[in-house]
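Be aware that the sequence shown starts at 5, since it is given in the numbering used here, and climbs by one per residue.
Using N, Cα and C, we set each Cβ at its ideal position, and we do this for glycine too.
Remember, it's a predicted structure, so these values are computed and weren't measured experimentally.
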Amino acid sequence: MGIEDESKRSGRELLPQPDYATDDPEPRKFGEIVRKWPKVTFCIVMNEFCERFSYYGMRTVLTLYLINILNFNDNLSTILFHAFTVLAYSSPLLGSILADGYIGKFWTIFSISLLYAAGQIVLAVSSTFKKGSSIHPYLDFAGLFIIAMGTGGIKPCVSAFGADQFPSHYLIMISYYFSIFYFMINAGSTISTFMTPIFRATPCLGQDSCYPLAFGIPAVLMIVATVFFMLGSFFYKKVPPKENVIFRVAGVMKVAIRNKFFRSPPVKRDHWIEYFLDTHKCENDPKCLALRSSKRHSKECAQTKFVDDIKSLVRVTIMMLPVPMFWALYDQQGSRWIIQAVAMDAQLTSGFALLPDQMATLNAILIMLFIPLFQIIIYPGFEKMGIRTTSLRRMVIGGLLAAAAFITSGFVQIAVNETLPDVPGDSTAFLSVINSFPNASSCFVNVTIPGVPGASAYSIPANSSLIDDNVQKRKELYRLSTGDSKSFEVNLAFSG
5 MGIEDESKRS GRELLPQPDY ATDDPEPRKF GEIVRKWPKV TFCIVMNEFC
55 ERFSYYGMRT VLTLYLINIL NFNDNLSTIL FHAFTVLAYS SPLLGSILAD
105 GYIGKFWTIF SISLLYAAGQ IVLAVSSTFK KGSSIHPYLD FAGLFIIAMG
155 TGGIKPCVSA FGADQFPSHY LIMISYYFSI FYFMINAGST ISTFMTPIFR
205 ATPCLGQDSC YPLAFGIPAV LMIVATVFFM LGSFFYKKVP PKENVIFRVA
255 GVMKVAIRNK FFRSPPVKRD HWIEYFLDTH KCENDPKCLA LRSSKRHSKE
305 CAQTKFVDDI KSLVRVTIMM LPVPMFWALY DQQGSRWIIQ AVAMDAQLTS
355 GFALLPDQMA TLNAILIMLF IPLFQIIIYP GFEKMGIRTT SLRRMVIGGL
405 LAAAAFITSG FVQIAVNETL PDVPGDSTAF LSVINSFPNA SSCFVNVTIP
455 GVPGASAYSI PANSSLIDDN VQKRKELYRL STGDSKSFEV NLAFSG
């Protein structure tokens, strides 16, 4: 799909194509593939590995940074995390417009990578300031905005730029390239989501956590990613920019709507997009003239083919309407699931505990395990049983499994809430008493607070205190009202 999309984006489908089958047949043997493989693509895949490490490393610890350093509550931190994600996945539209219509993919990747690295550096520098500094959250938000624009700006360009390095008819080699490219994405995200929380949990600068290290290493990796990309700058095949497909699609839709609703259409069309053809004349269209310059396409209409492509796009868009719901849930792994993990016991074994922000590591590892498992065993097994595993069926089953996963996490949160301690309100304070005598002592502390409604008397053993514990059904802390000047007595008696 990526190959087809890129050819349409660059306009290559409109030009007459030579007969590559005889001029330069695609290599199929391993030795020939290795010999003809464009070595410069390894600069691109290493760039992608480092960039994904940088992005996912920063993103993994972002929610806890918003809560612990910027002092936002859980709900606002979730909103800010997802606002950043929305911006990161909306900005690819700008990147594609810039690459396809103006400066080309190479210069788009290079220039935006510099901006991207600058954003990572800004965020890393901001994290060195102490909590409560006036620099927060303004410098942090500036860094996050630049990062979101940077990662989105290069997202539609890097994989397609790698495919440009191959002859367009080397379909098998291009499919191998995309497999390697996707593997490097998952390798970078897996390593970063495991390592960056460890950097975050390392004490530094007098604090019990080290966000400067957790953000600094991704910043360094983004600089390395840019260096890797530039190593091949003199050897890349750089396809010049063409007309941007987004603007072209919008233009066709605009004319189709105008012809259908504001003109008297000469014929009734089967699809509303086809009304674009009512005012189209091939003899005046440069794209049609370019296509018809080849004898093989002398009677074809480039715009008719493009209208058919848009009709397919509309059908796919309608089918994809539920997909944002899936991603709305999926991306909560970086926000609500981390917040949920903070309130849970992650001591998996006596010697290993999973940090809250390492939750995403499990997802990346499972992706790398399940892709070959499904492709080699599960899908072929269903096919042998006569059950077709079409892409649509896979999407439906995947969506249902995702829904089941989040229903399960909802019940988990209900169970977690039952164990959470009570939090005093705005006009309430909790009072505890600690008996600090050592365990070997048999000295008890007897506590009474006369004059406080509902206050109980307690006898506290050595080396213990009054606590609230919902699991053990213990509610021992004294509830005191605040706001006015009050006095009360605490009677302590020692025995033993």
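Per DSSP, reduced to three states, the secondary structure at Leu98 is helical. Taking 7 Å as the cut-off, the beta carbon of Arg56 is found closer than this to the beta carbon of Ile189. Around the Cβ of Asn439, a 10 Å sphere holds 16 or more other Cβ atoms; the residue is buried. For Cys292, the secondary structure class from DSSP, reduced to helix, strand or coil, is helix. In this structure Gly154 is in contact with Gly123, their Cβ atoms being roughly 6 Å apart against a cut-off of 8 Å.
Nearest to Glu287 by alpha-carbon distance, out of Ala306, Val449 and Tyr462, is Ala306. Under DSSP, no beta-bridge partner is assigned to Gln362. Scanning its chain for C-beta atoms nearer than 6 Å, with the 5 sequence neighbours on each side dropped, one finds around Lys479 the residues Asp472, in chain order.
Between the beta-carbon of Tyr240 and that of Gln336 there is about 38 Å, and that puts the pair past the 8 Å contact cut. The beta-bridge partner set that DSSP reports for Ala357 consists of Gln351. The C-beta distance from Met363 to Ala345 rounds to 5 Å, short enough to meet the 8 Å contact threshold. Looking only at Ala466, Glu422 and Cys447, the smallest Cα-Cα distance to Gln476 is reached by Glu422. The three-state reading of DSSP puts Ile189 in helix, counting H, G and I together.
Distances from the CA of Arg398 to each of Ala409, Thr67, Asn450 and Gln379 were compared; the closest alpha carbon is that of Gln379. Of the candidates Leu98, Glu52 and Tyr60, Tyr60 places its Cα closest to the Cα of Phe85. In terms of CA proximity to Ser268, Tyr279 leads the group Tyr279, Lys315, Ser94 and Ile411.
Here Pro245 really is in contact with Ala103; their C-beta atoms are around 7 Å apart, less than 8 Å. The beta carbon of Ile184 is closer than 7 Å to those of Val49 in its chain, skipping five residues each way along the sequence. If you draw a straight line from the Cα of Ile150 to the Cα of Pro29, it comes to about 44 Å.
7 Å or more divides the Cβ of Arg204 from the Cβ of Ala223.
If you draw a 10 Å sphere on the C-beta of Ser298, you find fewer than 16 other C-beta atoms in it, and that means exposed. Measuring C-alpha to C-alpha distances from Pro201 to each of Val65, Gly390 and Asn467 identifies Val65 as the nearest. Put simply, the region 228-237 does not touch the region 386-404. Fewer than three CB pairs are less than 8 Å apart.
Spatial neighbours of Met372 in its own chain (CB-CB distance under 6 Å, excluding positions within 5 residues in sequence) are listed in chain order as Asn190. Contact check for Ile116 against Ile158 passes: the beta carbons are separated by less than 7 Å. Where Phe114 is concerned, there is no enclosing beta strand (DSSP E), although the alpha helix (DSSP H) around it starts and stops at Gly108 to Ser130. Ile113 and Tyr181 have their C-alpha atoms spaced approximately 19 Å apart.
Excluding sequence positions up to five before and after Thr132, its CB lies within less than 6 Å of the CB of Pro216, all in the same chain and listed in chain order. In the displayed model, Ala229 falls within a helix according to three-state DSSP.
For the pair Pro428 and Ser95, the Cα-to-Cα distance works out to about 43 Å. Boundaries for Arg267: no beta strand (DSSP E) harbours it, and the DSSP string shows neither H nor E there.
Taking 7 Å as the cut-off, the Cβ atoms of Lys258 and Trp276 do not count as close. Under the three-state reduction of DSSP output, Cys208 falls in the strand class.
Going by DSSP, Ala433 is part of the beta strand (DSSP E) stretching over Thr432 to Leu435. Taking the C-beta atoms as reference points, Glu304 is found no nearer than 7 Å to Leu317. Here Arg273 carries a coil assignment [DSSP, helix/strand/coil].
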